[in-house]
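Participant: For reference, the structure I am asking about is given below.
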Amino acid sequence: MLETYSLFAGLGLYAAATLAALVNAARRRPGTGVVLLLVAAALSVHAVSIGLRWQRLDHGPYVDMFEVLSSNVWSLHAAVLAGVLLLPRLRALLPAVLPVLQILVAWLVTLEVRDTVFPVTYDTVWLPVHVLLGKAFLGITVLSVGGSVVILWRRCVAPAGFAALPSTKLLDEINFRLLLLAFVFECLMLLAGAVWAQDAWGRYWDWDPLETWSFLTWLALAGYLHLRVTVRPPPEASALAILAIFVIAFGTFFGMPFVSTAPHKGMI
Amino acid sequence: MGSAVPARPAMAAAPHRTAGRVLVAAASLWWTLVWMAAAGLILAAGLALDAPVGAWLALPCFGLCVNLAAALGVNERLRRQPGLLVFHVGLAVLALLAAAGRLTALNGTVEVTQGTPFEAGHVEGRAAPLHPWRLDRVGFVQGPFSIGYDPGMLRRHTRSTVHVPVADGGWESVEIGDDRPLKMFGYRFYTSPNKGYAVVLTHIAADGASRTGAVHLPSYPLNEHRQANRWPMPGGPVVDLWLHMPEPVLDENAAWSFRLPEEATLVVEAGGARHELKPGQEVPIGAARLRYDELRAWMGYTVFYDPTLPWLAAAALVASAGLGWHAVGKIRAVSGDGDA
Ligand code: HEM
Chain A
49 MLETYSLFAG
59 LGLYAAATLA
69 ALVNAARRRP
79 GTGVVLLLVA
89 AALSVHAVSI
99 GLRWQRLDHG
109 PYVDMFEVLS
119 SNVWSLHAAV
129 LAGVLLLPRL
139 RALLPAVLPV
149 LQILVAWLVT
159 LEVRDTVFPV
169 TYDTVWLPVH
179 VLLGKAFLGI
189 TVLSVGGSVV
199 ILWRRCVAPA
209 GFAALPSTKL
219 LDEINFRLLL
229 LAFVFECLML
239 LAGAVWAQDA
249 WGRYWDWDPL
259 ETWSFLTWLA
269 LAGYLHLRVT
279 VRPPPEASAL
289 AILAIFVIAF
299 GTFFGMPFVS
309 TAPHKGMI
Chain B
950 MGSAVPARPA
960 MAAAPHRTAG
970 RVLVAAASLW
980 WTLVWMAAAG
990 LILAAGLALD
1000 APVGAWLALP
1010 CFGLCVNLAA
1020 ALGVNERLRR
1030 QPGLLVFHVG
1040 LAVLALLAAA
1050 GRLTALNGTV
1060 EVTQGTPFEA
1070 GHVEGRAAPL
1080 HPWRLDRVGF
1090 VQGPFSIGYD
1100 PGMLRRHTRS
1110 TVHVPVADGG
1120 WESVEIGDDR
1130 PLKMFGYRFY
1140 TSPNKGYAVV
1150 LTHIAADGAS
1160 RTGAVHLPSY
1170 PLNEHRQANR
1180 WPMPGGPVVD
1190 LWLHMPEPVL
1200 DENAAWSFRL
1210 PEEATLVVEA
1220 GGARHELKPG
1230 QEVPIGAARL
1240 RYDELRAWMG
1250 YTVFYDPTLP
1260 WLAAAALVAS
1270 AGLGWHAVGK
1280 IRAVSGDGDA
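Chains as they are written, first to last, in my numbering: chain A, 49 to 316; chain B, 950 to 1289.
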């Protein structure tokens, strides 16, 4: 019971934080303290739900769509919180990035909650390592998604929008640097995944659909980083590219493992 | 002779300048994009056509390697930033290692009957052109194994005991399974979900000469209702073998473990005649006789050989560390209020 209550309370608090961020932005008020407190409260309450389920089922949130999405809603909000605390100049990014995350929250609410069984191939330390690296990758990427939303907003809606944030030019540069770090975690995630695949299935890489899509994600990100260095596209083009990369990464994380019946599910 | 002297430097400089220009051209970041796009296209084509494309990727890999080597030679900015340099060198090493690995690898499967030695000739799979073929040095004897299932046919742990020869001439029992392979001479044997029943038969020719061997039935429980196989008898007809199990071994709704059936009959069909045999019984077929000795289990393995494995992991780790160092430095530079 408490597991369900704390889940919905947490999701409600994420929504409240988003609402507060949007109200702040609409009123052109810089105050982000309340928003940060609400996000922190949401994370704590949501963590109780994840923890209770973990204890009850005796395995972490790794198995089905509900568990993976729930833990990612948590980790993405945590990454945003950590990001704006470590880079205070990005605080005004909250009204741009939190609404994006609410799409995931809404999706989570529609999922059926069932008890899951932990596959044997998941019984390895490489699973949490792989998952944590993936969460870091997606978490940092989501910050640059926020920056891209701002750049496109300024271009298409209100040139003077998000006045508390750095200039579009600087934001574009910060996005690039964040993605540089995200790319490192992406590389390490693939490495941990390959080591795990070698242990579990006797091959480190075999181009199953999930592996192919992760490589395409890697390639898209590598391509963006190089384009950014070589042709220096205008910030709006970079922003669109970042959104596209996020969509590919997102599809790889949440689409492929559950669409494909390939061995990656670990159960036969 | 004298006139030849001033000509020398000019003749030497021309190729030097051409080589320089080629190097600069080869180092262009446009090549990087071209090769990345090529890799993406090859992969997308593989996905669309549902075809294995791994080998084709060697081309963009090699292209990127040449491109990188040239860039490291001519690009001052790349060499000046240590983190970036480590990353790109790591990347080049990685591409080379991956190519070397793909050229020497072996990926295969093998089935080993319980109580019998592994036979290199039974490995089915693909070996790369430069594979050093040392499979015949591998020796182990298949011991007992267990594969458990939870209710709902969820496969759980696999434990396989194999006996391996040790230096003093004796044997040592090793338990492998799940994520623990048997490693011998660079080959790794991973337990696979494939396992099944093996019919041990003795063929007794008209002159009394006998030979014993095992015919493997298809993987169980995957082919639960198709426990049959054909076997061409030496010098005789092709016989159809079918294992009749009146009591099912598996229980979909309960926990169970792979084991031999308690009650099973071997049905042999040859030349239109049908015989039902219990272990120890025999039947005349043509001029020869066929004896059904016993039912055993066979265990399936994935065989893997790629000597570059630890080096690949190390190169990837070093490359990532280099880029991480570079990225953290660059983010720090924009974390304050100043401009980048
Ligand atoms: C295929 C995978 C590759 C990836 C993921 C990759 C990634 C990167 C990244 C992240 C940067 C950092 C840019 C910065 O912080 O300023 C960079 C810079 C650079 N890369 Fe690569 N790289 C790859 C391959 C190559 C290749 C094949 C070349 C060969 C030409 C190359 C040449 C360069 C150069 C010259 C720079 C420095 C750019 C500058 O600062 O002017 N890279 N690369």
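All residues carry an ideal CB built from backbone N, CA and C; glycine is no exception.
#1: To the nearest angstrom, how far is the alpha carbon of V197(A) from that of A287(A)?
#2: I'd like to know whether the C-beta atoms of A1155(B) and A1236(B) end up nearer to each other than 7 Å.
#3: Exposed or buried, which one is Q246(A) when buried takes at least 16 other CB atoms within 10 Å?
#4: What do you get for I199(A), buried or exposed, if any count of 16 or more other CB atoms within 10 angstroms of its CB means buried?
#5: Would a C-beta distance cut-off of 7 Å place A1049(B) and C1010(B) closer than the cut-off?
#6: Is the distance from the Cβ of F185(A) to the Cβ of F224(A) below 7 Å?
#7: Check whether chain B comes within 7 Å of L236(A), counting only Cβ atoms and requiring the distance to be less than that.
#8: Within the continuous beta strand (DSSP E) that includes V116(A), where are the two ends?
#9: Let me see if you follow: with CB-CB separation under 7 Å, is R966(B) close to chain A or not?
#10: In chain B, which residues lie less than 8 Å from G271(A) when you measure between Cβ atoms?
#11: Buried or exposed: which applies to F1138(B), given that a residue is buried once 16 or more other Cβ atoms fall within 10 Å of its Cβ?
#12: Can you list the alpha helix (DSSP H) stretches of 4 or more residues lying completely in the stretch 255-308 of chain A, in chain order?
#13: Taking Cβ-Cβ distances shorter than 9 Å, what residues in chain B pair up with V193(A)?
#14: If we count the other Cβ atoms within 10 Å of its Cβ and call it buried at 16 or more, is P1197(B) buried or exposed?
#15: Does any residue of chain B bring its CB to less than 7 Å from the CB of V205(A)?
#16: Classify Y53(A): buried if its beta carbon has 16 or more other beta carbons within 10 angstroms, exposed otherwise.
#17: Select from T80(A), M113(A) and V153(A) the residue whose C-alpha is nearest the C-alpha of L59(A).
#18: Could you tell me if Q103(A) is buried or exposed, where buried requires 16 or more neighbouring beta carbons within 10 angstroms of its beta carbon?
#19: Tell me whether M1248(B) sits in a helix, a strand or coil according to DSSP, three-state version.
#20: Can you give me the C-alpha to C-alpha distance between T297(A) and L236(A), rounded to a whole angstrom?
#21: Find the residues of chain A that neighbour L992(B), judging by a C-beta separation of less than 7 Å, and give them in chain order.
#22: Residues of chain A with CB closer than 7 Å to the CB of A1265(B), please, in chain order.
#23: Give the DSSP-derived three-state secondary structure of S1159(B) in the structure shown.
#24: Bridge partners of G1145(B), per DSSP?
#25: By the criterion of Cβ-Cβ separation under 8 Å, what are the contact partners of V1277(B) in chain A?
#26: Roughly how many angstroms separate the alpha carbons of W984(B) and P207(A), rounded to a whole number?
#27: Does the stretch 983-1000 of chain B come into contact with the stretch 1028-1048 of chain B, if we say contact requires no fewer than three beta-carbon pairs (one atom in each stretch) closer than 8 Å?
#28: So M1182(B) is in the beta strand (DSSP E); what residue range does that whole segment cover?
#29: Against chain A, which members of the stretch 1052-1069 of chain B pass a CB distance test of less than 9 Å?
#30: Does the separation of the CB atoms of A230(A) and T189(A) fall below 7 Å?
#31: Pick from Y110(A), Y252(A) and S123(A): whose alpha carbon is nearest that of Y170(A)?
#32: Beta-carbon within less than 6 Å of T1110(B)'s beta-carbon, same chain only, minus the 5 sequence neighbours each way: which residues are those?
#33: Using a Cβ-Cβ distance under 7 Å, would I947(B) count as near chain A?
#34: With 7 Å set as the bound, which would you pick, yes or no: does the beta-carbon of H274(A) sit closer than that to a beta-carbon of chain B?
#35: Over the uninterrupted beta strand (DSSP E) stretch that includes S1122(B), give me the two end residues.
#36: Cα-Cα, which of G1119(B), G1229(B) and P1078(B) is closest to R1051(B)?
Facilitator: Here's the rundown:
#1: Going by the C-alpha atoms only, they are around 7 Å apart.
#2: Result yes, Cβ atoms of A1155(B) and A1236(B) sit closer than 7 Å.
#3: It counts as buried.
#4: With 16 or more Cβ atoms within 10 Å of its Cβ, I199(A) is classed as buried.
#5: Inclusion of A1049(B) and C1010(B) in the CB contact set at 7 Å is not warranted, their separation being larger than that value.
#6: No.
#7: Residue-level contact by beta carbon holds for L236(A) and chain B, with a gap shorter than 7 Å.
#8: In this chain, V116(A) is not harboured by any beta strand (DSSP E); it is covered by the alpha helix (DSSP H) spanning M113 to L134.
#9: No Cβ of chain A is located within less than 7 Å of the beta carbon of R966(B).
#10: Chain order gives the chain B residues near G271(A) as L982, M985, A986 and G989, where near means a beta carbon separation below 8 Å.
#11: Burial of F1138(B) is indicated by the presence of at least 16 other C-beta atoms within 10 angstroms of its C-beta.
#12: 257-278, 283-298 and 304-307, all fully within the stretch 255-308 of chain A.
#13: V193(A) does not reach chain B, its nearest Cβ partner there being about 16 Å away, counting only Cβ pairs nearer than 9 Å.
#14: So P1197(B) counts as exposed.
#15: Not one chain B Cβ lies under 7 Å of V205(A).
#16: So Y53(A) ends up on the exposed side.
#17: The candidate whose alpha carbon is nearest that of L59(A) is V153(A).
#18: So Q103(A) counts as exposed.
#19: Strand, per DSSP.
#20: Per the sequence shown, residue 297(A) should be read as Ala rather than Thr. C-alpha of A297(A) to C-alpha of L236(A): approximately 15 Å in a straight line.
#21: Here the neighbours are T260, F263 and L264.
#22: The answer, in chain order, is C235 and L239.
#23: The DSSP-derived three-state label of S1159(B) is strand.
#24: Residue pairing of G1145(B) in beta bridges, as defined by DSSP: W1247(B).
#25: Correct list: L229.
#26: If you take the alpha carbons of W984(B) and P207(A), they lie about 38 Å apart.
#27: Because the criterion of three Cβ pairs below 8 Å is not met, the stretch 983-1000 of chain B and the stretch 1028-1048 of chain B do not touch.
#28: Counted as a single uninterrupted DSSP element, the stretch harbouring M1182(B) is not any beta strand (DSSP E), since DSSP gives it neither H nor E.
#29: Residues N1056.
#30: Contact: yes.
#31: Cα-wise, what sits closest to Y170(A) is Y110(A).
#32: So the list reads G1092, P1093, S1122 and E1124, once near-sequence residues are dropped.
#33: Only positions 950 to 1289 of chain B appear in this structure, which leaves residue 947(B) out of reach.
#34: Yes, because at least one Cβ of chain B sits closer than 7 Å to the Cβ of H274(A).
#35: Run containing S1122(B): W1120 to I1125, per the beta strand (DSSP E) assignment.
#36: The shortest C-alpha to C-alpha distance from R1051(B) to any of G1119(B), G1229(B) and P1078(B) is the one to P1078(B).
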